[in-house]
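S.K.: Okay, here's the structure, questions in a sec.
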Amino acid sequence: MSISELNDLKIFSKYLADKSGDIIKNYFRTDLNVESKPDLSPVTIADKKSEEKMREIIMKEFPDHGIIGEEFGSYNNNAEYKWVIDPIDGTKSFICGAISFGTLIALTKKGEPILGVINQPVLNEFLIGDNNTAELNGRKVKTRFCNAIENSVLVTADHLNIGKYQDIKKFEELIKKVKLYRGWGDC
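When we follow the numbering used here, the leftmost residue of the sequence shown carries the number 98, and every step to the right adds one.
Listed below in structure tokens is the structure:
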């Protein structure tokens with residue numbers, strides 16, 4: 098893929114995130130009806146309308162691309178390019194009026210990631226990365242230098258689920274080694 102093609106996809110991803118964010122902001126901190134999905138996780142009209150809009154835009158611009166969505170499942174599963182979208186990562190935070198939620202968008206080619214997006218519309222923060230660079234609101238993101246684990250900062254999302262996905266004992270040992278440990282919540 099050429100740099101020009103990748104840049105076009107990044108511009109498209111920003112447009113997609115902005116359109117999704119417009120919908121989400123209209124519902125944020127309003128009286129929402131909350132439904133439960135089959136796995137008992139919550140879903141709102143904001144989740145559904147946001148994903149519907151992203152699907153509509155993707156299908157219009159890239160009719161041969163596939164989509165894997167949080168709310169409405171897969172479309173064109175055998176496509177070379179697939180968009181993976183989660184309209185509101187952190188629906189529980191969104192429902193509570195907390196700001197730690199966002200829209201996640203990724204594009205893969207033959208199962209390999211090309212780019213990824215985290216858009217936090219209420220905070221006006223747009224993070225996009227490819228296999229070489231990452232930018233937050235148009236500025237390059239870089240890690241700070243850290244020469245030893247005892248000088249590092251460890252930040253996690255939902256600490257209550259760490260045991261589901263990680264070896265909790267090893268994780269607890271890691272927490273004791275780092276300089277600072279923080280939990281962020283969602284997204």
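Note that the Cβ used here is the ideal one computed from N, Cα and C, for glycine as well.
Quick check on glycine 118: does DSSP put it in helix, strand or coil?
M.R.: Within the sequence shown, residue 118 is the residue found at index 21, counting from 1. The answer is helix: DSSP assigns glycine 118 an H, G or I state.
S.K.: Please say whether threonine 200 and aspartate 227 have beta carbons closer to each other than 9 Å?
M.R.: As a position in the sequence shown, residue 227 is number 130, starting the count at 1. As a position in the sequence shown, residue 200 is number 103, starting the count at 1. For aspartate 227 and threonine 200, no; Cβs fall outside 9 Å.
S.K.: Using the beta-carbon count (16 or more within 10 Å), is arginine 236 buried or exposed?
M.R.: Start at 1 with the first residue of the sequence shown, and residue 236 comes out as number 139. With fewer than 16 Cβ atoms within 10 Å of its Cβ, arginine 236 is classed as exposed.
S.K.: Look at the alpha carbon of isoleucine 165 and the alpha carbon of threonine 205, and state the distance between them as a whole number of angstroms.
M.R.: Here residue 165 refers to the residue found at position 68 when the sequence shown is read from its first residue. Here residue 205 refers to the residue found at position 108 when the sequence shown is read from its first residue. Between isoleucine 165 and threonine 205, the C-alpha separation is close to 11 Å.
S.K.: Since proline 218 and glycine 280 should fall inside the 8 Å C-beta cutoff, what is the C-beta to C-beta distance between them, to a whole number of angstroms?
M.R.: Here residue 218 refers to the residue found at position 121 when the sequence shown is read from its first residue. Here residue 280 refers to the residue found at position 183 when the sequence shown is read from its first residue. Rounded, the Cβ-Cβ distance is 22 Å, inconsistent with contact.
S.K.: Hey, could you find the ends of the alpha helix (DSSP H) leucine 271 is sitting in?
M.R.: Along the sequence shown, one-based indexing puts residue 271 at 174. First-last of the alpha helix (DSSP H) with leucine 271: 265-274.
S.K.: In the DSSP assignment, find the unbroken beta strand (DSSP E) run with phenylalanine 159 in it and report its ends.
M.R.: The residue given as residue 159 occupies position 62 in the sequence shown. Phenylalanine 159 -> no beta strand (DSSP E), and no H or E assigned at all.
S.K.: Let me confirm a value: phenylalanine 242 is counted as buried when at least 16 other C-beta atoms fall within 10 Å, else exposed. Which label applies?
M.R.: For this step, residue 242 is matched to residue 145 along the sequence shown. Looking at its Cβ environment, which holds fewer than 16 other Cβ atoms inside 10 Å, phenylalanine 242 is exposed.
S.K.: Would you mind stating whether lysine 157 and lysine 116 have Cβ atoms separated by less than 9 Å?
M.R.: Counted from its first residue, the sequence shown places residue 157 at position 60. Counted from its first residue, the sequence shown places residue 116 at position 19. In this structure, lysine 116 does not lie closer than 9 Å to lysine 157 by Cβ.
S.K.: Which stretch, first to last residue, makes up the beta strand (DSSP E) that contains threonine 205?
M.R.: Counting from 1 along the sequence shown, the entry for residue 205 is found at position 108. Note, threonine 205: beta strand (DSSP E), 199-206.
S.K.: Strictly by DSSP, which residues pair up with tyrosine 178?
M.R.: Numbered from 1 along the sequence shown, position 81 holds the residue referred to as residue 178. In DSSP, tyrosine 178 forms a bridge with Lys206.
S.K.: Output the boundary residues of the beta strand (DSSP E) element that contains serine 190.
M.R.: Residue mapping note: residue 190 aligns to position 93 of the sequence shown, counting from 1. Taken as a continuous stretch (DSSP letters only), serine 190 belongs to no beta strand (DSSP E), being part of the alpha helix (DSSP H) at 188-193.
S.K.: In or out: cysteine 284 buried (at least 16 other Cβ within 10 Å) or exposed?
M.R.: Numbered from its first residue, the sequence shown carries residue 284 at position 187. Buried is the call here.
S.K.: Look at the alpha carbon of isoleucine 192 and the alpha carbon of lysine 107, and state the distance between them as a whole number of angstroms.
M.R.: Your numbering for residue 192 matches position 95 in the sequence shown. Your numbering for residue 107 matches position 10 in the sequence shown. The straight-line gap from Cα to Cα measures roughly 29 Å.
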